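To keep things clear, I will list the structure first and then write my remarks on it.
Protein chains: 4
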Amino acid sequence: MGVKERKALEKQIRRNQILDAARTLLFSTGIDSISISKIAEQAELGVGTIYFYYKNKEQIFVALQQEGVAILYSTILQIFKNKIGHQEKLTQIALSYYRFSEEQKNYFDIINYFLSSPIVFFEPNLKNRIDMSGRKILLIIRDIVADGVLQGVFNEKDPGKFSIMFWGTLHGLIHFKKLEGTVLENESHKELYDYSVQKLIHTIK
Amino acid sequence: MGVKERKALEKQIRRNQILDAARTLLFSTGIDSISISKIAEQAELGVGTIYFYYKNKEQIFVALQQEGVAILYSTILQIFKNKIGHQEKLTQIALSYYRFSEEQKNYFDIINYFLSSPIVFFEPNLKNRIDMSGRKILLIIRDIVADGVLQGVFNEKDPGKFSIMFWGTLHGLIHFKKLEGTVLENESHKELYDYSVQKLIHTIK
Amino acid sequence: MGVKERKALEKQIRRNQILDAARTLLFSTGIDSISISKIAEQAELGVGTIYFYYKNKEQIFVALQQEGVAILYSTILQIFKNKIGHQEKLTQIALSYYRFSEEQKNYFDIINYFLSSPIVFFEPNLKNRIDMSGRKILLIIRDIVADGVLQGVFNEKDPGKFSIMFWGTLHGLIHFKKLEGTVLENESHKELYDYSVQKLIHTIK
Amino acid sequence: MGVKERKALEKQIRRNQILDAARTLLFSTGIDSISISKIAEQAELGVGTIYFYYKNKEQIFVALQQEGVAILYSTILQIFKNKIGHQEKLTQIALSYYRFSEEQKNYFDIINYFLSSPIVFFEPNLKNRIDMSGRKILLIIRDIVADGVLQGVFNEKDPGKFSIMFWGTLHGLIHFKKLEGTVLENESHKELYDYSVQKLIHTIK
DNA sequence: CATGAATGAGCATTCATTCAT
DNA sequence: TATGAATGAATGCTCATTCAT
Numbered sequence: 045m046g047v048k049e050r051k052a053l054e055k056q057i058r059r060n061q062i063l064d065a066a067r068t069l070l071f072s073t074g075i076d077s078i079s080i081s082k083i084a085e086q087a088e089l090g091v092g093t094i095y096f097y098y099k100n101k102e103q104i105f106v107a108l109q110q111e112g113v114a115i116l117y118s119t120i121l122q123i124f125k126n127k128i129g130h131q132e133k134l135t136q137i138a139l140s141y142y143r144f145s146e147e148q149k150n151y152f153d154i155i156n157y158f159l160s161s162p163i164v165f166f167e168p169n170l171k172n173r174i175d176m177s178g179r180k181i182l183l184i185i186r187d188i189v190a191d192g193v194l195q196g197v198f199n200e201k202d203p204g205k206f207s208i209m210f211w212g213t214l215h216g217l218i219h220f221k222k223l224e225g226t227v228l229e230n231e232s233h234k235e236l237y238d239y240s241v242q243k244l245i246h247t248i249k
Numbered sequence: 045m046g047v048k049e050r051k052a053l054e055k056q057i058r059r060n061q062i063l064d065a066a067r068t069l070l071f072s073t074g075i076d077s078i079s080i081s082k083i084a085e086q087a088e089l090g091v092g093t094i095y096f097y098y099k100n101k102e103q104i105f106v107a108l109q110q111e112g113v114a115i116l117y118s119t120i121l122q123i124f125k126n127k128i129g130h131q132e133k134l135t136q137i138a139l140s141y142y143r144f145s146e147e148q149k150n151y152f153d154i155i156n157y158f159l160s161s162p163i164v165f166f167e168p169n170l171k172n173r174i175d176m177s178g179r180k181i182l183l184i185i186r187d188i189v190a191d192g193v194l195q196g197v198f199n200e201k202d203p204g205k206f207s208i209m210f211w212g213t214l215h216g217l218i219h220f221k222k223l224e225g226t227v228l229e230n231e232s233h234k235e236l237y238d239y240s241v242q243k244l245i246h247t248i249k
Numbered sequence: 045m046g047v048k049e050r051k052a053l054e055k056q057i058r059r060n061q062i063l064d065a066a067r068t069l070l071f072s073t074g075i076d077s078i079s080i081s082k083i084a085e086q087a088e089l090g091v092g093t094i095y096f097y098y099k100n101k102e103q104i105f106v107a108l109q110q111e112g113v114a115i116l117y118s119t120i121l122q123i124f125k126n127k128i129g130h131q132e133k134l135t136q137i138a139l140s141y142y143r144f145s146e147e148q149k150n151y152f153d154i155i156n157y158f159l160s161s162p163i164v165f166f167e168p169n170l171k172n173r174i175d176m177s178g179r180k181i182l183l184i185i186r187d188i189v190a191d192g193v194l195q196g197v198f199n200e201k202d203p204g205k206f207s208i209m210f211w212g213t214l215h216g217l218i219h220f221k222k223l224e225g226t227v228l229e230n231e232s233h234k235e236l237y238d239y240s241v242q243k244l245i246h247t248i249k
Numbered sequence: 045m046g047v048k049e050r051k052a053l054e055k056q057i058r059r060n061q062i063l064d065a066a067r068t069l070l071f072s073t074g075i076d077s078i079s080i081s082k083i084a085e086q087a088e089l090g091v092g093t094i095y096f097y098y099k100n101k102e103q104i105f106v107a108l109q110q111e112g113v114a115i116l117y118s119t120i121l122q123i124f125k126n127k128i129g130h131q132e133k134l135t136q137i138a139l140s141y142y143r144f145s146e147e148q149k150n151y152f153d154i155i156n157y158f159l160s161s162p163i164v165f166f167e168p169n170l171k172n173r174i175d176m177s178g179r180k181i182l183l184i185i186r187d188i189v190a191d192g193v194l195q196g197v198f199n200e201k202d203p204g205k206f207s208i209m210f211w212g213t214l215h216g217l218i219h220f221k222k223l224e225g226t227v228l229e230n231e232s233h234k235e236l237y238d239y240s241v242q243k244l245i246h247t248i249k
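Chain order of the listed sequences is F, V, Z and X. Residue numbers for the first sequence follow our numbering, beginning at 45 and rising by one. Residue numbers for the second sequence follow our numbering, beginning at 45 and rising by one. Residue numbers for the third sequence follow our numbering, beginning at 45 and rising by one. Residue numbers for the fourth sequence follow our numbering, beginning at 45 and rising by one.
Right, dumping it as C-alpha cells:
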C-alpha cells in the first residue's frame, strides 16, 4: 500500500470518526441539537478539524441522511429478494417504511429534513448525492411493478411513475401521524396507512 | 360605537399590524428568518409589544398558518360549489393544492412547518387549532366522495379514509418536487402529480 | 359611616385583593416568579391599578413579609403565654422557627429576602416598618429571659443582647440547612440545631 | 517551556482576565448587576468568549466565591498558626469574619448569595465545590476546640458540632447588621457581636 | 494536519414602570 | 379611580465559521 492509499484510508477513518460522533448526537438528543462544537467534543477532535473533513454542517447531515437511506434500502432490498408474491412485496415495503419512521425515527427525521424543509440552496453536487441515494429505493419498487406486469400480475403502463406515486403516498401519510388525536379522531393512523397501501396496489391490479 | 368596541377594534388592528409584519417577513425572506425582533422592527413596535399581543412566536406562526389554510380552503370551497362532476371536483382540488404550493409557497411552507417538522411540543389547545383548521378541507373531499357514492359515480366504502389518503398523496408528492432534475430525470413533476391524481380517483370508480 | 371612611375601607379592600394575589403567587411558584403583571392578572386588575395601591413591587413584598412575621409572631406569642418553664419556652420558640422555615418556606424566603439580600437602598420609612415587625419577636424572647432572671432560673445581665444573639444563631443555622449532604456529612441538621439551642440556653443558666 | 504549557498559561490568563472583569463589576456595582454581557464588555471580549472559558454565569460566581473563601481562609489560617491561646484564637477568628463582612463586603455578599438565596438548582458537582470550600474553615475551628479540649482549656464533647454552631451564630449575627438604627436602637452591633462571641466561647469553658 | 480560541450577531422571552385615556 | 397598551433594555445562552499558530 502506497503512501497515497494510506493517507486516503486515514482520511476515511477520520471522516467516520466524525460521523460516529454526529450519529451519536443524532440518536441521543435529536437532529435539532446537533452542533459542530458538540460533534467535535463527542469526536474528541478540534472544531477546526471537523471543518477540514467536512466543508460545513450540511455535509455531515447529508452523510447521516445517506446512512439512513442505506439502512432503509437494505431492508427493502431484502424484501425484494424474498420469494414472495409481487403484491406481498409492495405491502411489505410499505410496512417497512412505516416501521422505519417509527423505529429509526432519527434517521427518518434527517431524511425528512432534506425532503421537507423549505431550505433553498444546496450545492448541485450535494443535492445530487442526496437525491440519488433515494432513487435506488424507487427503482426497486419500479422493478417489482414492472416484473409484476410482465408476469401478468399487475397492469400498469408506467411502473416508474407509479413507484414515485407509491412512495409519495407513503411519505405524505406518515406525516399525518401527527394528526392522531385531533383530525384523526376515531381513525387509527396505522389502519389508514394499511388501507391506503391496499388501495394503491389495487390500482395496478 | 362605544369605547369598548373601539378599543377592541384597535386591538385587532394592532394584531393585524403585527401579522402584516410577520407575513412580510415570511414572504420576503422565508419562514426560517422570522424572529420576534425582526417582526417588531418591521411592525415599528417594541419587542415587548409583540408579546403583549401574541403569547409567543409560535402563536404568530399559527396565525399565519391559519391564514394559509383559510386561503386554500376558500379556493377548495369554490370548487366544491361549482356545478361540475364529482371527479372533476377532485381533480380541480388536487390541482389547486399544487398551485397553492407554488403560488403561495410561503404559506405552504408554514403549513408544512407544522406538519413535517420533528418539533416536540405544542400546547394541546394550539395543536388542536392547527390540526383542525385543515380538517375542513378533508371534510369537503369526504363529502364529495360520499356524495359521489350516493350518486353512483364513485364506489368507496369509507370516504373519510379515502379523503385522508387522497390528501396525503398530494402532500407527499408535492415534497417530491425537490427531486426534479435529479431523481425525476425525465419525468415532469407536474405530469407525475396529474398521473397520481387520476390514479387515485380511479381507485374509487 | 361617612364617605371618607367608606373610601378608606374600599381602598383597604383593594389592597388586600392585591395582596391575596401576590400571596397566591408566592405560594404557588415562589418569590422569584412574582411579577407585577402576574399579580395584576391574578387579582383581575389592571397593572396600572396595582401601582395605584402600591408604589412599587418592593412595597408588596414588604406587606408579604409583614404577614410572614405576623404568623411567626403569633406562634411565638402562644408559646410565651403557655404555662411552661422558661427554658421550655425558649426551646419551643427555637423549634417553632425551625418549623416555620420548613412549613412556611415561602414566608421564610421573603423574610430572608429582606434580611439577607445585599440590596442597599430602601426608603427609611419602609425599612423601619420591615425591621420593626421582627422586633416584637425579639422582645418576647427578651422578656422570657428577663423574667427567668427575676425568677432565678436564668442568669443573664443583658437579656436584650441575649435575645438577639439567640435569634441570630437560629437564623444563621437555618441557612446551613443547605450544607446537608456536603459539609454536614454525618451530622443531621436538625440535631445540630437542637444541640445549638440547648447550648445557647445553657449559657444563661 | 513547551507550547502546551504556554497555551495552558495563556488560557489561565484569559480566565483570570474574565474573573478580573467580573470582580470589578462585583466591587463597583454589586452582585445583582453582574451579567455576562457586562463582564464581556468589561473584559473587552466577545460574549461567546466568556462562555468558552466558563460554562455559565454560575461558574463565574463560584470562582468569585472561592476567591472570597480563600481570602477568608488564609486569614483564619494565620490566626490558627499564631502562638496564642485557644480562646484568643476563636475570638480573633470571629473578629476576622466580622471584618471580612465589612472590608470585603462584596466577597461576603457572594458567599452569602450561595448560602442564603432560595435558589433552586445547582449541579451536584458545583454545589459540592461551593460547600466544601467553606468546610476547611469549619475544620480549623473544630481543631482549635478539639485541641483546647485535649489541653484541658475547653470542655466540649462534640467539637465538630460546636464549630458549626459557632460559625452559624457569627453568620446569622452579621445579617443583623442591617437592623442597626431600627431594631438595634441603642445597641451597637459590634458590641453585640463581641458579646455573642464571648458567650459562645464561655459555653465550652 | 490539527487545533481551539475568538467572535458577535442572534435568539426568545421577561419585566417594572409610565401615561394617555 | 382604573385601565392596559407600550416600551426597550436586559437576560443567559448558542452557534457556524474563521484563522493564526
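C-beta: ideal position from N, C-alpha, C; glycine also. In this text the structure is predicted, and so the values were computed from the model without any measurement.
Inset, instruction - Verify whether the separation of the beta carbon atoms of Thr68/V and Gln56/V is less than 7 angstroms. - result: no
Legend entry - Residues bridged to Glu224/X (per DSSP): Leu228/X
Inset, instruction - Leaving out five residues on either side along the sequence, give the residues of the same chain with a beta carbon under 8 angstroms from the beta carbon of Ile218/V. - result: Tyr141, Tyr142, Ser145, Phe152 and Tyr237
Inset, instruction - Run the CB neighbour count on Pro203/Z, radius 10 Å, all protein chains shown included, and call it buried at 16 or more, exposed below. - result: buried
Legend entry - Continuous alpha helix (DSSP H) stretch holding Asn169/V: start and end: Pro168 to Leu194
Inset, instruction - Pick helix, strand or coil for Val197/F, following the three-state DSSP scheme. - result: coil
Legend entry - Backbone CA spacing between Gln110/X and Leu223/Z [nearest angstrom]: 16 angstroms
Inset, instruction - Show which residues of chain Z have a CB atom less than 8 angstroms away from the CB atom of Asn172/X. - result: Thr226
Inset, instruction - Indicate whether Met209/X and Ser240/Z have their beta-carbon atoms separated by less than 7 angstroms. - result: yes
Inset, instruction - Count the C-beta pairs between the segment 181 to 200 of chain Z and the segment 125 to 137 of chain X that are closer than 8 angstroms, then say yes if the count reaches three, no if not. - result: no
Legend entry - chain Z contacts from the segment 137 to 160 of chain X (Cβ-Cβ distance under 7 angstroms): Asp153, Asn156, Leu159 and Ser160
Legend entry - CB contact below 7 angstroms: Ile184/X versus chain Z: no
Legend entry - Residues of its chain near Ile248/V, where Cβ-Cβ distance is below 7 angstroms and the 5 sequence neighbours each way are ignored: Val189, Phe198, Asn199, Glu200 and Phe206
Inset, instruction - Can you grab the Cα-Cα spacing for the pair Ala66/F / Gly225/Z, in whole Å? - result: 38 angstroms
Legend entry - Terminal residues of the alpha helix (DSSP H) in which Asp64/F lies: Val47 to Thr73
Inset, instruction - In angstroms with no decimal places, state the Cα-to-Cα distance between Ile154/Z and Leu159/F. - result: 54 angstroms
Inset, instruction - Would you mind working out which of Arg186/X, Ile245/X, His233/X and Asn150/X sits nearest Phe124/X, comparing C-alpha positions? - result: Arg186/X
Legend entry - Which of helix, strand or coil DSSP assigns to Ile115/V: helix
Inset, instruction - Compare the C-beta of Asp175/X with all C-beta atoms of chain Z and state if any pair is closer than 7 angstroms. - result: yes
Legend entry - Reference Arg179/V; option with closest CA among Leu214/F, Glu229/F, Met176/F and Lys48/F: Glu229/F
Inset, instruction - Scan the segment 186 to 212 of chain Z for residues whose Cβ lies nearer than 8 angstroms to a Cβ of chain X and list them as they occur along the chain. - result: Asp202, Gly204, Lys205, Phe206, Ile208, Met209, Trp211 and Gly212
Legend entry - Start and end residues, alpha helix (DSSP H) containing Asp153/F: Lys149 to Ser160
Inset, instruction - Could you tell me whether the Cβ of Arg117/F comes closer than 7 angstroms to any Cβ of chain V? - result: Note that residue 117/F corresponds to Tyr in the displayed sequence, not to Arg. By this cut-off, Tyr117/F is not an interface position.
Inset, instruction - Round the Cβ separation of Leu170/V and Glu102/V to the nearest angstrom and send it over; I've been treating them as touching at under 8 angstroms. - result: 7 angstroms
Inset, instruction - Please name the residues in the segment 51 to 77 of chain X whose beta-carbon is closer than 9 angstroms to at least one beta-carbon of chain Z, in chain order. - result: Gly74, Ile75 and Asp76
Legend entry - DSSP-derived helix/strand/coil call for Lys249/Z: coil
Inset, instruction - Would you tell me roughly how many angstroms separate the C-alpha atoms of Gly135/V and Ser118/F, rounded to the nearest one? - result: A quick correction: the sequence has Thr, not Gly, at residue 135/V. For Thr135/V and Ser118/F, the distance between alpha carbons rounds to 36 angstroms.
Legend entry - Interface residues of the segment 93 to 117 of chain Z facing chain X [CB-CB below 7 angstroms]: none
Inset, instruction - In angstroms with no decimal places, state the Cα-to-Cα distance between Glu54/F and Thr93/F. - result: 14 angstroms
Legend entry - Same chain, Cβ closer than 7 angstroms to Val113/V, five either side skipped, listed in chain order: Ile155, Ser177 and Gly178
Legend entry - Tyr98/X in three-state terms, based on DSSP: coil
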